[in-house]
Amino acid sequence: MSTEASVAAIGDKIRCDACPVMCYIKPGAAGACDRYANHDGKLVRVDPHIVLERTVEHGGRLVPFQAGGDWDGKIVQQPDIFVTAIGAGTTYPDYKPAPFIVSSEIDGVDMVTVVTEGIFSYCGVKVKIDTDRYLGPESATVRAQGEAVGHVTTGEYGSQMLSLGGVHHLTGGSKKEGRVTCDTLMDLSNCKAVELTIDGGATVIVQAGKPPVVNGVGEERMRVGCGSATIGMFAKQWHGKVDEVVVVDDHITGVLSEHQAGKLLDIADTGIKMKGRRSTPGRYFQVAEPGTGWGGTNISDPLSILGPFDIKEARPGLTMLMVSTTGEHASYYVLDEALRPVEKEMPAALKFSVERIQENCEPALCTVLFMGGAGGSLRAGVTDNPVRLTRSVKDALTRVTSGGAPVYVWPGGGITFMVDVTQMPAGAFGYVPTPAIVAPIEFTMRLADYAALGGHMDYVQPLSSLRDSAELRSMPFIPGRRV
Amino acid sequence: MKRLPQIALLPDGKRLHLQDGPIDLIVEARGGYEEVRAAYEVAARRFTGLLDELCEELAELRQAADPKHSALKGIVARRMHAAVAPLAADCFITPMAAVAGSVAEEILGAMLGAVALDRAYVNNGGDIALHLANGEHFTVGLIDRPDSQGLMRTMIINADDPVRGIATSGRHGRSFSLGIADAVTTLARTASQADAAATIIANAVDLPGHPAVVRTPANQLQPDSDLGARLVTREVGALSESEIEQGLEAGADCARRLLAAGLIEGAALRLKGETLLVGTRSSRAVRRHDDLIQA
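One line per chain: the protein sequences are F and P, in this order.
Residues in the first sequence are numbered consecutively from 37, following this note's numbering.
Residues in the second sequence are numbered consecutively from 47, following this note's numbering.
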């Protein structure tokens, strides 16, 4: 760094003396230069390029930039220092709206060849919401601020998937739809909370890396398994402590006495009659409608999924545990003289088993994968011959990352990638009013390969020159984010 | 000296980058090889210490400008005052509203005072001072998204046009805005005039009292802001088409007054994807949609 700033604190403000403007800077704010900021009472640099220093051993902690020798041009597989595209900007000095570029040379406008911050009109997010609660029917429209921003897609194991954004919502609908979609994608990608409503379904607050909030209720746990799996996992622990167990699940409700796991333990028939459609012994589909009650069904009284007990098999005093797949709901019943289940206080041993179910549930989370396609203009910024960039990515000569985070590049044509937004540094995404999302994307390759694919060799700068220009900012350490 | 400006050629080898504190300049001169080199040397020399000069009078520069008098001494400070003075009778404005354009003008002036150049510009974060020798021109692009496909509009500035300054102001920029414009771009005879006018017009693009507009006292954000406790725009929520039009029209009124007074040559006002032009090549205000911009 060419300048060393020091600070004096005045209340919660600090006074920067990096230059004679001597700004007072409040916590969380930057000085007039946008180069120095008050981060939790400390003066930090916030310059255009972000450099991540990777510690080789753990990959867990981010430390401020330190010199570590010049880049020798070899392929950067596990780099100690990684220059990310965040803040690289597509114009100099940064990408604020409506900057002017002055020239009359190329296409009427001077081009800046740093393309590693891409503008994605063709992009979206895939959201995985860990919940058994019913969020809405498959293919239902998902809305933000009343505008259609995507749709409900498949239910997966303990999770509901949403697909948001995409070119149709960004550019194919009304202007407002495009704007709201863009805002929604950007907020979700920047790990902010977004409220989504699903036509014919729930309102859910989604935030990457945080539990979902469904109709105002925070989800805590992800199901331990489906109802049938839960029977299989806990049959031995229930054996001898209770006569019958029903694990209520919207997908597959399990019944201990009929289930293979119960049969293996010689658990006797109980005369239980389930509603719904029997799949295989002890496994039932569609015992109720989907909803936000027990096990992702719409029921609040679990007895409503049972028919009358068979008088030939059942007997007064028979005990039964009903529990949901997360252990969040559980009740204990004893059959009376008329073979009707009557709720009783749960014995300690069964309470323990319910707690064990809870304990084995993973925390429910929302996860957000940003998905974008690197199109013609972005690739053209990297090389004179864009298709060669695609080929070199497919041939694994070029590694693609987004904000330094690993990406999955889809097979097939184009460069369509997905990245877990929680792996990326804070504030990695921006937007332009087109509307389109600005996301970092880095192509890392050998210098020789870059030349071979028609790279803009005139603009290649050694890493050391970035270091000298002090256009570096060390990322604040963010717990839970991988480096 | 503890602090020196950053002085470097950009990777293209053609443009000069000068940075000191909050000032970020991109300079490009065209002419003979020796002339350009000499011009860049002069620019770097003039730039060194310029921020210190300004900061000596910083307290005064942050006060509301008096339309008639000024006790400012520095040449750049006086230029700042001169640019805002014609606007100060009607509204609150401090010389700081013209700081970027005035610095750009100063550096351009230093270069031209030393050597003859075909053309040159000094771009101070979007506030640009231009030089054009006879027969030369600049093609200026207003961009909506930062790549060539997103070019919204280009205009040619010829040597015989009066325009030598371009500036952009709005709520997304580095300094605060009292209005809701995403960006207001002005063309004027000098960069300092363009800078002051862009600030005033951007402030005028407004919907007073609109519930979707979130405002915060400037000094709560930057304790030493020249705007004091005046409310600056932080967020602009959803606006209807007619509200966008109303906000733009309020700004356009102001722009037309400045145009009539000869203080600007033209302006482009932008709010929520809508653009309104005042002046420039035609006296009509033209509204257009973004639909022409393709991904």
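Beta carbons are placed, not taken as given, at the ideal position from N, Cα and C, and that holds for glycine.
Where Arg-108 of chain P sits in the DSSP three-state scheme: Position 62 of the second sequence, counted from the first residue, corresponds to residue 108 of chain P. Of the three classes helix, strand and coil, the one that applies to Arg-108 of chain P here is coil, per DSSP.
So with Cβ pairs under 8 Å, would you call Pro-56 of chain F a contact of chain P? The residue given as residue 56 of chain F occupies position 20 in the first sequence. It does: the Cβ of Pro-56 of chain F has a partner Cβ on chain P nearer than 8 Å.
Arg-165 of chain P versus Glu-74 of chain P - alpha carbon distance: Reading the second sequence from its first residue, position 119 is the one you call residue 165 of chain P. Reading the second sequence from its first residue, position 28 is the one you call residue 74 of chain P. If I take the Cα positions, the gap works out to 8 Å.
In chain order, each beta strand (DSSP E) run of at least 3 residues that lies wholly inside the stretch 149-187 of chain P: 165-170 and 173-178
Sorted by chain position, which residues of the same chain lie with C-beta nearer than 6 Å to Glu-281 of chain P's C-beta, five sequence neighbours on each side aside? By 1-based counting over the second sequence, the position of residue 281 of chain P is 235. Excluding residues within five positions, the ones whose Cβ falls inside 6 Å are Val-260.
Alpha carbons only, please: which of F:Thr-437, F:Thr-403 and F:Gly-209 is nearest the one belonging to Gly-409 of chain F? As a working note, residue 409 of chain F is residue 373 in the first sequence. Ranking the options by Cα distance to Gly-409 of chain F, first place goes to F:Thr-437.
According to the neighbour-count rule (16 or more other Cβ atoms, all chains shown, within 10 Å of its Cβ), is Trp-446 of chain F buried or exposed? Position 410 of the first sequence, counted from the start, is the residue given in the question as residue 446 of chain F. With fewer than 16 Cβ atoms within 10 Å of its Cβ, Trp-446 of chain F is classed as exposed.
Within 10 angstroms of the Cβ of His-177 of chain P, are there 16 or more other Cβ atoms? Answer buried if so, exposed if not. On the second sequence, position 131 is the one that residue 177 of chain P refers to. Buried: at least 16 other Cβ atoms inside 10 Å.
In chain order, what residues of the same chain have a beta carbon less than 6 Å from the beta carbon of Gly-466 of chain F, not counting five sequence neighbours either side? Reading the first sequence from its first residue, position 430 is the one you call residue 466 of chain F. Around Gly-466 of chain F: Val-474.
In chain order, each beta strand (DSSP E) run of at least 3 residues that lies wholly inside the stretch 375-445 of chain F: 377-380, 402-410 and 435-438
Limits of the beta strand (DSSP E) - the one that Arg-91 of chain P falls within: What you label residue 91 of chain P is simply residue 45 of the second sequence in a count that begins at 1. No beta strand (DSSP E) contains Arg-91 of chain P, which is instead part of the alpha helix (DSSP H) from 79-93.
Contact the stretch 297-309 of chain F vs the stretch 350-362 of chain F: 3+ CB pairs below 8 Å: yes
Identify the contact partners of Leu-97 of chain P in chain F, using a Cβ-Cβ distance below 7 Å as the criterion. Within the second sequence, the letter at position 51 stands for residue 97 of chain P. Those within 7 Å of Leu-97 of chain P in chain F are Cys-55 and Pro-56.
Taking 8 Å as the CB-CB limit, is Arg-191 of chain P close to chain F? Locating residue 191 of chain P in the second sequence gives position 145, counting from the first residue. The predicted model places Arg-191 of chain P with a pLDDT of 40, which falls under 50 and marks its position as unreliable; any figure quoted below should be read in that light. It does: the Cβ of Arg-191 of chain P has a partner Cβ on chain F nearer than 8 Å.
Reduced DSSP secondary structure (H/G/I, E/B, other) of Asn-251 of chain F: The residue given as residue 251 of chain F occupies position 215 in the first sequence. The answer is coil: DSSP assigns Asn-251 of chain F none of H, G, I, E or B.
When you check each C-beta in the stretch 252-269 of chain P against every C-beta of chain F, which residues fall closer than 9 Å? Gln-266, Leu-267, Gln-268 and Pro-269
Ordered along the chain, which non-local residues of its own chain (more than five positions away) have a Cβ less than 6 Å from that of Glu-182 of chain P? If you number the second sequence from 1, residue 182 of chain P lands on position 136. Closer than 6 Å at the Cβ level, and outside the excluded window around Glu-182 of chain P, lie Asp-164, Arg-165 and Ala-205.
Give the secondary structure of Phe-156 of chain F by DSSP, where H, G and I count as helix, E and B as strand, and everything else as coil. Here the question's residue 156 of chain F lines up with position 120 in the first sequence. Three-state DSSP puts Phe-156 of chain F in a strand.
May I have a chain-ordered list of the beta strand (DSSP E) segments no shorter than 3 residues that lie completely inside the stretch 223-299 of chain P? 229-234, 259-263 and 277-282
Note the first and the last residue of the continuous alpha helix (DSSP H) segment covering Arg-210 of chain P. What you label residue 210 of chain P is simply residue 164 of the second sequence in a count that begins at 1. Where Arg-210 of chain P is concerned, there is no enclosing alpha helix (DSSP H), given that its DSSP letter is neither H nor E.
Looking at the unbroken alpha helix (DSSP H) that takes in His-127 of chain P, where does it start and where does it end? To locate residue 127 of chain P, count along the second sequence from 1; it is residue 81. Unbroken alpha helix (DSSP H) run through His-127 of chain P: 121-134.
Going along the chain, which residues of the stretch 62-93 of chain P sit with their C-beta nearer than 9 Å to a C-beta in chain F? His-63, Gln-65, Asp-66, Gly-67, Pro-68, Ile-69, Asp-70, Ile-72 and Glu-74
Just mark Cys-52 of chain F as buried or exposed, buried being the case when its beta carbon has 16 or more other beta carbons within 10 Å. The residue labelled residue 52 of chain F in the question sits at position 16 within the first sequence. When all chains shown are included, Cys-52 of chain F counts as buried.
Would you say Ala-135 of chain P reaches chain F, if we count a Cβ-Cβ gap shorter than 8 Å as a contact? Counting from one through the second sequence, the residue named residue 135 of chain P turns up at place 89. Ala-135 of chain P does not count as touching chain F.
By the DSSP assignment, the beta strand (DSSP E) with Ile-267 of chain F in it spans what residues? Translated into the one-based positions of the first sequence, residue 267 of chain F becomes position 231. Premise fails: Ile-267 of chain F lies in the alpha helix (DSSP H), 263-274, not in any beta strand (DSSP E).
Can you tell me whether Thr-207 of chain F is helix, strand or coil according to DSSP? The residue given as residue 207 of chain F occupies position 171 in the first sequence. Thr-207 of chain F falls in the helix class under three-state DSSP.
Gly-172 of chain P burial status per 10 Å Cβ neighbour count (16 or more: buried): On the second sequence, residue 172 of chain P is found 126 positions in, with the first residue counted as 1. Counting Cβ neighbours within 10 Å, Gly-172 of chain P comes out buried, since at least 16 surround it.
Verify whether the separation of the beta carbon atoms of Thr-426 of chain F and Thr-480 of chain F is less than 8 Å. For the purposes of this step, residue 426 of chain F is identified with residue 390 of the first sequence, where counting begins at 1. For the purposes of this step, residue 480 of chain F is identified with residue 444 of the first sequence, where counting begins at 1. Going by C-beta atoms, Thr-426 of chain F is not nearer than 8 Å to Thr-480 of chain F.
For Asp-223 of chain F, three-class secondary structure by DSSP: Mapped onto the first sequence, residue 223 of chain F falls at position 187. The answer is helix: DSSP assigns Asp-223 of chain F an H, G or I state.
Return the first residue and the last residue of the alpha helix (DSSP H) that Lys-299 of chain F is part of. Taking the first sequence and counting its residues from 1, the one referred to as residue 299 of chain F is at position 263. 296-300 is the span of the alpha helix (DSSP H), which, as asked, contains Lys-299 of chain F.
Residue ranges of each alpha helix (DSSP H) within the stretch 331-361 of chain F, 4 or longer: none
Which value, in whole angstroms, describes the spacing of the CA atoms of Val-260 of chain F and Ser-428 of chain F? Numbered from 1 along the first sequence, position 224 holds the residue referred to as residue 260 of chain F. Numbered from 1 along the first sequence, position 392 holds the residue referred to as residue 428 of chain F. Those two C-alpha atoms are separated by around 43 Å.
Would you identify the three-state DSSP class for Ala-464 of chain F, choosing helix, strand or coil? Counting from one through the first sequence, the residue named residue 464 of chain F turns up at place 428. Here Ala-464 of chain F sits in coil by DSSP.
Met-454 of chain F - partner residues in DSSP beta bridges: Counting from 1 along the first sequence, the entry for residue 454 of chain F is found at position 418. Answer by DSSP bridge pairing, in chain order: F:Met-407 and F:Tyr-444.
How would you list, in chain order, the residues of chain P whose beta-carbon sits under 9 Å from the beta-carbon of Lys-62 of chain F? Within the first sequence, the letter at position 26 stands for residue 62 of chain F. Near Lys-62 of chain F (Cβ distances below 9 Å), the residues of chain P are Gln-266, Leu-267, Gln-268 and Pro-269.
In the DSSP assignment, what residue or residues form a beta bridge with His-63 of chain P? Against the second sequence, residue 63 of chain P aligns to sequence position 17. His-63 of chain P is bridged to P:Ala-54 and P:Ile-72.
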